[in-house]
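In what follows, a single structure is set out as structure tokens and then discussed.
Residue numbers (full-length UniProt numbering), protein chains in the order written: chain Z, 1 to 424; chain B, 1 to 424; chain X, 1 to 424.
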């Protein structure tokens, strides 16, 4: 996995500097780079399109932004960090005293060296985000303020990548791509999703896996609005975010709380003995908010390392390339693969010989020598699958009730299926 | 609340000395006094009336009762305490030796200075209750015994007070009024109920609240027998007893165990951080026995401080005016008000925009500045109400699942209702 | 119970030496001896009979078997222990070097002085089981090998004993009788079942109790195959095994996990304050595997002392007459009797006076003197039975919810039934 971790980190390094927002060329540039790894279907949705209760806003683009002192020195410069400008700032070009400018400056007094991330998508405004230390060093006086942005009719951009499976039932993996230079939130998630898609394509999976790279909130809402019929085929899903920080993994349950994806993630995290936390659903966080709104109520959970707003670096310039690591991303990717390996094989079988045990011995499935007490796990797994395959229990149920590894149970089901003793 | 506590204590002081029983003028006098605080509908049910499996008994009244020694000195005197006479004693006027009298004397050998409370409603008998110390001081010899009581056809008396709400669905509050000079059991309960009725009337509540002041067992049975149709409108209820002792609060669940009243009381007691105990339903105690009999199975719990038979002073002369306090009654009243404030506002809403989140920002319900992690509770509460308002979850469900205060959740529901985003 | 323990031990002493297998004269001899205690219906099922997914195998009988050294000395001798021969060994008469013989010798290297128990029912094979110490003392060289067995068309033998009850609904008690000289597994179980049958016959029980003495797996499958209609009348059941070892009791739940037999055994074991363990169902162990296969899914649990494969002596020559005791068997018998006493009386009653409490006093069921707080358990039990007898709750439910002893609850139900207040 180390090599994969390094590849994912290299992808994050390329994506990190871009200035993304919920619309605009930063999103397009991001998807262009991801598209070098996996083919993407890029969708452009025009400004003004009604999407559920929302309307696609004007497209925002920015070329330059700065605050310069009376000597013309840029004390705050968009070129140094895309975080410096309030997201969706309207254009401004003015000179004003610091006293007047202050109302447009956002800082983190408690973390004086970090730049905060702020936006104003739906209320026309302009502003700069900067370190408190920078602000403290700014003498009173006149400052030149420039935001060379445009806010015009255009498009909202999102992309999809599909790994086709044996059935049309879908699993969605959703990542937000709207945040500017924040590494963990969410370029690490984008990188893990990208390499997860490549891994799933190695063998045709059972489910069809759809990866959605879209701006947060409005992007997920746009996808849901434009895929009303497809939503009925979504069986499971995962929102991937904050996938590269040094913390342990957190799985946040779907709204249902006992969806199959919830049970799978909990099983895999527990069975793998990774330190982890299982969190209940809350209607706050990432795009699980939309997928789990009561009208959809999809079985979509969220996997992060340290969760939403759970670390000091969250939504600040300290969420940078030093904050994420190849090892953490490789670990997140590994858990996703393990989980989807379970999800993809988890099915309910029906024992076709349910009255008494079928005679496994004459089918070559059972040791001939009786009396021993060290019966093999494979034989135990067959007895468990036969006993619980009444149409009510899935292989995951069998694994959990028996305490046997899911792989052993799934292999037993395959053997029984091969012997004609169970049907799917 | 201190002033209210003092007012309730003053009411208990007036009611305490009266000799109440399951019928008779003591009950009438009690209701007359309560009627000075809140208007009462007093019902008189004739002796012999069939009520469910029971029959209204003859009415019992008593004017005087004593045991006098050979010198004519009253060693046991009804005038000193209404507890001195066995409730429902038939009249007697005789002289007999102590040896013969003993069979009619009830004491508490383990609590030699306290007078027990005893009755014989349905088996004709007579007797005296007295301190063991008093009995020990009675020399052998002849005693004059007099109980000037009548047991004649008459009526069983109970009263109702109704606070009309916006809907005909009812909440009942039931207090037994049959115990003689016992302060905590149940004049404290009567006083708390009386002031609770006044408090509820300050603003028209949602539910219609019916207060029932009736003798224990036979009174509740009589009310149930005479209100067969109304019972179908009773949504919730509370039996109030032992409301003034120094112990912590105990809520005893309804037979159902998960009735809305159960969840409300548990929520309020827990949220208020009062020391308290939640007890499971038992078919023993106060009139929850009748309301929760399997044919009715109403959502009626019981609120006490120290519960039924849970304190040494229970059903003895030590349950006197020193045993109850204004502070304890004020606290019981406060919990009732808090609980009914939750119950009265607890409703299921339906999210009218259940597909994705509605855009709260353009409705002025959401901060314009994005990216901050300190989102306000009011906004979180709106997201929770929207997410769970699928017709299955009440506001109490939302409060419990979100961990937010019920008031915050109810205010969020009001705001969303005002914006047309949810309907009741 | 000590006398009963001694009687059961004496029965085990008689049964222990016999060489049993899944067919053959050892099973018949075993059933002949049990038949001296309780009348048995012995069934003979011909070789080749199809039973569910299985076929009744040829009948195996053995007269002699040994390994003799070059001096003619029998170093392994069937006459010394029936464990010495691999169960179902085909006949053999040969001389071979030890190096060739080794492939047919089974030992327990970790327990060098014990003889293991091994079988090869369905794959034709021959072999000897011996102590590792014995093998270690065998010099290289030629050995005479003799197994004087027959494997011919014949019958599978099993027996039933029925204690007729007042209803045709059945409780089955099943014991495997196929193991050779192993005392705890399962002659102790056979002995306890035998004396349990005698105890149940002392008073006509409610249920009809059917005792099944059959070889493990194939015997239970044969019984199930031949009793397809009767299975529908089996309400509860218990597989008895390992009933005499010094360990505490283990009850293994039925597949259902909450069958009435499960609740009864758990209640009795807990109420009796015996050290015990409750184990979840697994599809491995004794014949509960067959009774709880998903097609039947009977409410059949398993009672053992130390469970299946849970002790070092399991399936070795150390499971001998020293390993079992009269006291342990007497304790197992006592628990069975206590459990069936509960099971046999556990019924759902319907309160015929469910609106309010019926007036117990006028029916002589309630103390006339009111006010006391030391109400008797018998009265409390009546209130509990009345309150919960809504058709949903059994007397065991009442006992568990009230915390009252089952006997008290059952007596209350009898009293209420006698007064016409409840019906069964």
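We treat Cβ as the ideally placed atom computed from N, Cα and C, and that holds for glycine.
Residue 270 of chain B, buried or exposed, once every other Cβ within 10 Å from all chains shown has been counted against 16: On the second chain, position 270 is the one that residue 270 of chain B refers to. Classification of residue 270 of chain B: exposed, given that the 10 Å Cβ count is below 16.
(message) Going by C-alpha to C-alpha distance, which of Z:421, Z:404, Z:86 and Z:72 sits closest to residue 272 of chain Z?
(response) To locate residue 272 of chain Z, count along the first chain from 1; it is residue 272. Per the Cα distances, Z:404.
- Can you tell me where the alpha helix (DSSP H) with residue 387 of chain B in it begins and where it stops? Here residue 387 of chain B refers to the residue found at position 387 of the second chain. Note, residue 387 of chain B: alpha helix (DSSP H), 377-388.
Report task. Give a yes or no on whether the C-beta atoms belonging to residue 410 of chain X and residue 417 of chain X are separated by under 8 Å. Result -> Against the third chain, residue 410 of chain X aligns to sequence position 410. Against the third chain, residue 417 of chain X aligns to sequence position 417. The answer is no: Cβ separation not under 8 Å.
| query | How many angstroms separate the CA atom of residue 199 of chain Z from the CA atom of residue 336 of chain Z? | reply | Residue 199 of chain Z sits at position 199 when you count from the first residue of the first chain. Residue 336 of chain Z sits at position 336 when you count from the first residue of the first chain. In a straight line, the C-alpha of residue 199 of chain Z is about 10 Å away from that of residue 336 of chain Z.
- Could you pull out every residue in the same chain whose Cβ sits closer than 6 Å to the Cβ of residue 455 of chain Z, ignoring the five residues on either side in sequence? Residue numbering for chain Z in the displayed model covers 1 to 424; residue 455 of chain Z lies beyond these limits and cannot be assessed.
* **Residues within the segment 41-72 of chain X neighbouring chain Z, beta-carbon criterion of under 7 Å** => 52, 53 and 54
Handout entry: Near-chain Z residues of the segment 334-368 of chain B (beta-carbon distance less than 8 Å), N- to C-terminal order
Key = 351, 353, 354, 355, 356, 357, 358, 359, 361, 362 and 368
Answer yes or no: does any C-beta atom of chain X fall closer than 8 Å to that of residue 290 of chain B? Residue numbering aside, residue 290 of chain B sits at position 290 when the second chain is read from its first letter. Yes, residue 290 of chain B lies at the interface with chain X (some Cβ there is under 8 Å from its Cβ).
_Burial state of residue 73 of chain Z, where buried means 16 or more other Cβ atoms lie within 10 Å_ = The sequence position of residue 73 of chain Z within the first chain is 73, counting from 1. By the 10 Å Cβ count, residue 73 of chain Z comes out exposed.
Tell me which residues share the same chain as residue 116 of chain Z and place their Cβ nearer than 6 Å to its Cβ, disregarding the 5 neighbours each side in the sequence. Reading the first chain from its first residue, position 116 is the one you call residue 116 of chain Z. Contacts found: 106, 108, 129 and 316.
Complete runs of the beta strand (DSSP E) confined to the segment 296-366 of chain Z [at least 3 residues] = 300-304 and 348-351
Name the DSSP bridge partner or partners of residue 208 of chain Z? Stepping through the first chain from its first residue, residue 208 of chain Z is reached at position 208. DSSP output for residue 208 of chain Z lists Z:170 as bridge partner(s).
Between residue 123 of chain X and chain Z, is there a C-beta pair that is closer than 8 Å? Position 123 of the third chain holds residue 123 of chain X. Taking Cβ atoms only, chain Z reaches closer than 8 Å to residue 123 of chain X, which makes this a yes.
Any 3 or more C-beta pairs closer than 8 Å across the segment 293-306 of chain X and the segment 349-364 of chain Z
yes
#### Entry: Through-space distance from residue 369 of chain Z to residue 436 of chain Z, alpha-carbon basis
Lying outside 1 to 424, the shown extent of chain Z, residue 436 of chain Z is not represented and no answer is given.
Exercise. Can you check the segment 29-111 of chain X for any alpha helix (DSSP H) of at least 4 residues that lies completely inside it and give the ranges in chain order?
Key: 98-101
*Under the three-state DSSP convention, the category residue 281 of chain X falls into*: Counting from 1 along the third chain, the entry for residue 281 of chain X is found at position 281. Residue state, collapsed to three classes: coil.
| query | Measuring CA to CA, which of Z:398, Z:283 and Z:82 is closest to residue 182 of chain Z? | reply | For the purposes of this step, residue 182 of chain Z is taken as residue 182 along the first chain, with counting starting at 1. Measuring from the Cα of residue 182 of chain Z, the nearest candidate turns out to be Z:82.
Which residues in the same chain as residue 91 of chain B place their Cβ atom closer than 8 Å to its Cβ, once the five residues preceding and following it in sequence are excluded? Translated into the one-based positions of the second chain, residue 91 of chain B becomes position 91. 126, 147, 148, 149, 150 and 151, listed in sequence order.
Return the CA-CA distance between residue 358 of chain Z and residue 52 of chain X, expressed in angstroms with no decimal places. Start at 1 with the first residue of the first chain, and residue 358 of chain Z comes out as number 358. Start at 1 with the first residue of the third chain, and residue 52 of chain X comes out as number 52. Going by the C-alpha atoms only, they are around 8 Å apart.
Original post:
Based on Cα-Cα distance, which residue from Z:259, Z:329, Z:280 and Z:327 lies nearest to residue 346 of chain Z?
Top reply: Counting from one through the first chain, the residue named residue 346 of chain Z turns up at place 346. Taking only the C-alpha atoms, the option nearest residue 346 of chain Z is Z:259.
### Query
Mind checking whether residue 250 of chain X and residue 180 of chain X have CB atoms under 8 Å apart?
As a working note, residue 250 of chain X is residue 250 in the third chain. As a working note, residue 180 of chain X is residue 180 in the third chain. No. Outside cutoff.
_Cutoff 8 Å: residue 389 of chain X Cβ touching any chain B Cβ_ = What you label residue 389 of chain X is simply residue 389 of the third chain in a count that begins at 1. With 8 Å as the cut-off, residue 389 of chain X counts as an interface residue toward chain B.
(request) State the Cα-Cα distance for the pair residue 110 of chain B and residue 339 of chain X, rounded to the nearest angstrom. (result) As a first step, residue 110 of chain B must be located in the second chain, where it is residue number 110. As a first step, residue 339 of chain X must be located in the third chain, where it is residue number 339. In a straight line, the C-alpha of residue 110 of chain B is about 41 Å away from that of residue 339 of chain X.
Quick test of your reading: residue 159 of chain Z and residue 244 of chain Z, contact by CB under 8 Å. State the CB separation rounded to the nearest angstrom. Here residue 159 of chain Z refers to the residue found at position 159 of the first chain. Here residue 244 of chain Z refers to the residue found at position 244 of the first chain. Incorrect: roughly 21 Å between the Cβ atoms, too far for contact.
Exercise. Please say whether residue 413 of chain B and residue 395 of chain B have beta carbons closer to each other than 8 Å?
Key: Your numbering for residue 395 of chain B matches position 395 in the second chain. Your numbering for residue 413 of chain B matches position 413 in the second chain. Closer than 8 Å, so yes.
Looking at the secondary structure, which residues open and close the beta strand (DSSP E) in which residue 148 of chain B lies? Numbered from 1 along the second chain, position 148 holds the residue referred to as residue 148 of chain B. Run containing residue 148 of chain B: 142-152, per the beta strand (DSSP E) assignment.
### Message
Alpha carbons only, please: which of X:44, X:246 and X:40 is nearest the one belonging to residue 327 of chain X?
### Response
Stepping through the third chain from its first residue, residue 327 of chain X is reached at position 327. Residue 327 of chain X has its Cα closest to that of X:246, out of X:44, X:246 and X:40.
Q: Have a look at X:98, X:233 and X:26 and flag the residue whose alpha-carbon is nearest the alpha-carbon of residue 426 of chain X.
A: Residue 426 of chain X lies beyond the residue range present for chain X, which begins at 1 and ends at 424; the question has no answer from this structure.
Rounded to whole angstroms, what is the Cα-Cα separation between residue 344 of chain X and residue 360 of chain X? Position 344 of the third chain, counted from the first residue, corresponds to residue 344 of chain X. Position 360 of the third chain, counted from the first residue, corresponds to residue 360 of chain X. For residue 344 of chain X and residue 360 of chain X, the distance between alpha carbons rounds to 27 Å.
Problem - Straight-line Cα distance separating residue 122 of chain X from residue 421 of chain Z - result: In the first chain, residue 421 of chain Z corresponds to position 421, counting from 1. In the third chain, residue 122 of chain X corresponds to position 122, counting from 1. The straight-line gap from Cα to Cα measures roughly 19 Å.
**Q.** Test: residue 120 of chain B CB closer than 8 Å to a CB of chain X
**A.** The count along the second chain starts at 1 and reaches residue 120 of chain B at position 120. Yes, its Cβ sits closer than 8 Å to a Cβ of chain X.
Boundaries of the beta strand (DSSP E) in which residue 160 of chain Z is found, first to last residue: Numbered from 1 along the first chain, position 160 holds the residue referred to as residue 160 of chain Z. Residue 160 of chain Z -> beta strand (DSSP E) spans 155-163.
| task | For residue 334 of chain Z, count neighbouring C-beta atoms within 10 Å of its own C-beta (all shown protein chains included) and say buried if the count is 16 or more, exposed if not. | result | Position 334 of the first chain, counted from the first residue, corresponds to residue 334 of chain Z. When all chains shown are included, residue 334 of chain Z counts as buried.
- request: Express the C-alpha separation of residue 407 of chain X and residue 241 of chain B in angstroms, rounding to a whole number.
  value: Counting from 1 along the second chain, the entry for residue 241 of chain B is found at position 241. Counting from 1 along the third chain, the entry for residue 407 of chain X is found at position 407. So the alpha carbons of these two residues sit roughly 33 Å apart.
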